[in-house]
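See below for the structure under consideration.
Number of protein chains: 2
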Amino acid sequence: MKISTKTKYGLRAAIYLAEKGKEQGFHSIKQIAKSENISPDYLEKIISKMEKAGMLKSQKGAKGGYSLARPAKRIKLGEVVNALEGDNYFVQCLSGKGKVCAQCKKCAAQNFWQKFQEKLDSFLDSVSLEDIIKNKF
Amino acid sequence: MKISTKTKYGLRAAIYLAEKGKEQGFHSIKQIAKSENISPDYLEKIISKMEKAGMLKSQKGAKGGYSLARPAKRIKLGEVVNALEGDNYFVQCLSGKGKVCAQCKKCAAQNFWQKFQEKLDSFLDSVSLEDIIKNKF
DNA sequence: ATAAATCCGACAATAATTGTCGGTTTTATT
DNA sequence: AATAAAACCGACAATTATTGTCGGATTTAT
Chain F
0 MKISTKTKYG LRAAIYLAEK GKEQGFHSIK QIAKSENISP DYLEKIISKM EKAGMLKSQK
60 GAKGGYSLAR PAKRIKLGEV VNALEGDNYF VQCLSGKGKV CAQCKKCAAQ NFWQKFQEKL
120 DSFLDSVSLE DIIKNKF
Chain A
0 MKISTKTKYG LRAAIYLAEK GKEQGFHSIK QIAKSENISP DYLEKIISKM EKAGMLKSQK
60 GAKGGYSLAR PAKRIKLGEV VNALEGDNYF VQCLSGKGKV CAQCKKCAAQ NFWQKFQEKL
120 DSFLDSVSLE DIIKNKF
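Chains F and A, in that order, give the protein sequences. So for the first sequence, numbering that gives the first Met the number 0 puts the first residue at 0; every next one is plus one. So for the second sequence, numbering that gives the first Met the number 0 puts the first residue at 0; every next one is plus one.
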């Protein structure tokens, strides 16, 4: 139960883009990776996921790169985490994809983990990228 | 960022013991493992951790086993999770043991992850084993 | 004495994460 | 038109963490 480095990297990249926000234009993987001291090849995969999830937009070719798809205020942390950790990232037993635990019916724990997940989600959805770069949340 | 099966197993074992609470006496790994359909050898390691953390007590020898060290009402979920996932399980960058990220000083994300951790902790500490078996929390 | 249990550490198997690489496509610039 | 810089993509390798197994030592009720 840890924050994966993937998610940490992803958030740092998003913060980078949010901070550069005013300077219109795109920022390349290379730039971000250098600034954040992350392997460019790995970062590319991470950023690609975020782009597919719709929170970043990209520009191919020379002078291309990435930028936020929306103002930082309208990108919630929940979106970042969901994009990188996957939906229902926490309570696997509930996700349709995984195997449902054989004990599920009589599992008193299940209800609890679900509530736990809801708490997390509601917190993550209450914080925006803007909140983070302005350090108020 | 998942609940490890270790923690799930640990919670289920704790719930088992909480439910058996009235029937005084000790419950063996074998019993718990069979009831919860967990490998006894693995469960032993998990339960041993919880015992060392002080939430379970043990009785060696024949007719021995484990029981809650306190009434279920006074065992909070935070205790279970901390015992099994380790302190500061979530925000690694803060734990003294791990390597501190080279970017830590200028890392706007850090403050956020810390707040996140605090949210989790306060929720986990607000729920007791009793709440869980009575399904009210 | 015996059997049932905790206790303990080493190790093996598996799975997940993290990271690398080579190539393809797109596009601004020269 | 050529070039260089960048996103895009999938396969794979390396590393780490989790999960699970085992054999023995110790304790204790019967």
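Beta carbons: idealized from backbone N, C-alpha and C, even for Gly.
Rounded to whole angstroms, how far is the Cβ of residue i from the Cβ of residue j, which I believe are closer than 8 angstroms?
{"i": "glutamine 113 of chain F", "j": "valine 90 of chain F", "result": "6 angstroms"}
{"i": "lysine 1 of chain F", "j": "methionine 0 of chain A", "result": "7 angstroms"}
{"i": "alanine 17 of chain F", "j": "glutamate 129 of chain F", "result": "7 angstroms"}
{"i": "glutamate 43 of chain F", "j": "tyrosine 15 of chain F", "result": "About 14 angstroms; that fails the 8 angstroms criterion."}
Listing by chain order, which chain A residues have their CB less than 9 angstroms from the CB of residue i?
{"i": "phenylalanine 115 of chain F", "result": "Ile2, Leu76, Leu119, Phe122, Leu123 and Val126"}
{"i": "glutamate 84 of chain F", "result": "Met0 and Lys1"}
{"i": "isoleucine 131 of chain F", "result": "Ala107, Ala108, Asn110 and Phe111"}
Please classify residue i as buried or exposed, where buried requires at least 16 other C-beta atoms within 10 Å of its C-beta.
{"i": "serine 127 of chain F", "result": "buried"}
{"i": "alanine 61 of chain F", "result": "exposed"}
{"i": "glycine 64 of chain A", "result": "buried"}
{"i": "glutamine 23 of chain A", "result": "exposed"}
{"i": "lysine 135 of chain F", "result": "exposed"}
{"i": "threonine 6 of chain A", "result": "buried"}
{"i": "glycine 95 of chain F", "result": "Unreliable placement is indicated for glycine 95 of chain F, whose pLDDT of 41 sits below 50; the coordinate value is still reported in the next sentence. Exposed, because fewer than 16 other Cβ atoms sit within 10 Å of the Cβ of glycine 95 of chain F."}
{"i": "threonine 4 of chain A", "result": "exposed"}
{"i": "lysine 98 of chain F", "result": "With a pLDDT of only 47 at lysine 98 of chain F, under 50, the local geometry of the prediction cannot be trusted, and the value read off the model is given with reservation. With fewer than 16 Cβ atoms within 10 Å of its Cβ, lysine 98 of chain F is classed as exposed."}
Using the beta-carbon of each residue, which ones in chain A are nearer than 8 angstroms to residue i?
{"i": "tyrosine 88 of chain F", "result": "Met0 and Lys1"}
{"i": "isoleucine 14 of chain F", "result": "Ala107 and Ala108"}
{"i": "asparagine 134 of chain F", "result": "Ala107 and Asn110"}
Output yes or no for whether 7 angstroms exceeds the beta carbon distance between residue i and residue j.
{"i": "isoleucine 31 of chain A", "j": "methionine 54 of chain A", "result": "no"}
{"i": "isoleucine 28 of chain F", "j": "proline 39 of chain F", "result": "yes"}
{"i": "alanine 107 of chain A", "j": "isoleucine 37 of chain F", "result": "no"}
{"i": "lysine 56 of chain F", "j": "alanine 71 of chain F", "result": "no"}
{"i": "glutamine 58 of chain F", "j": "phenylalanine 111 of chain F", "result": "no"}
{"i": "lysine 118 of chain F", "j": "phenylalanine 115 of chain A", "result": "no"}
In chain A, which residues lie less than 7 angstroms from residue i when you measure between Cβ atoms?
{"i": "lysine 7 of chain F", "result": "Ala108"}
task = Take every Cβ of the region 70-85 of chain A, pair it with every Cβ of the region 1-17 of chain A, and state whether three or more of those distances are shorter than 8 angstroms.
result = yes
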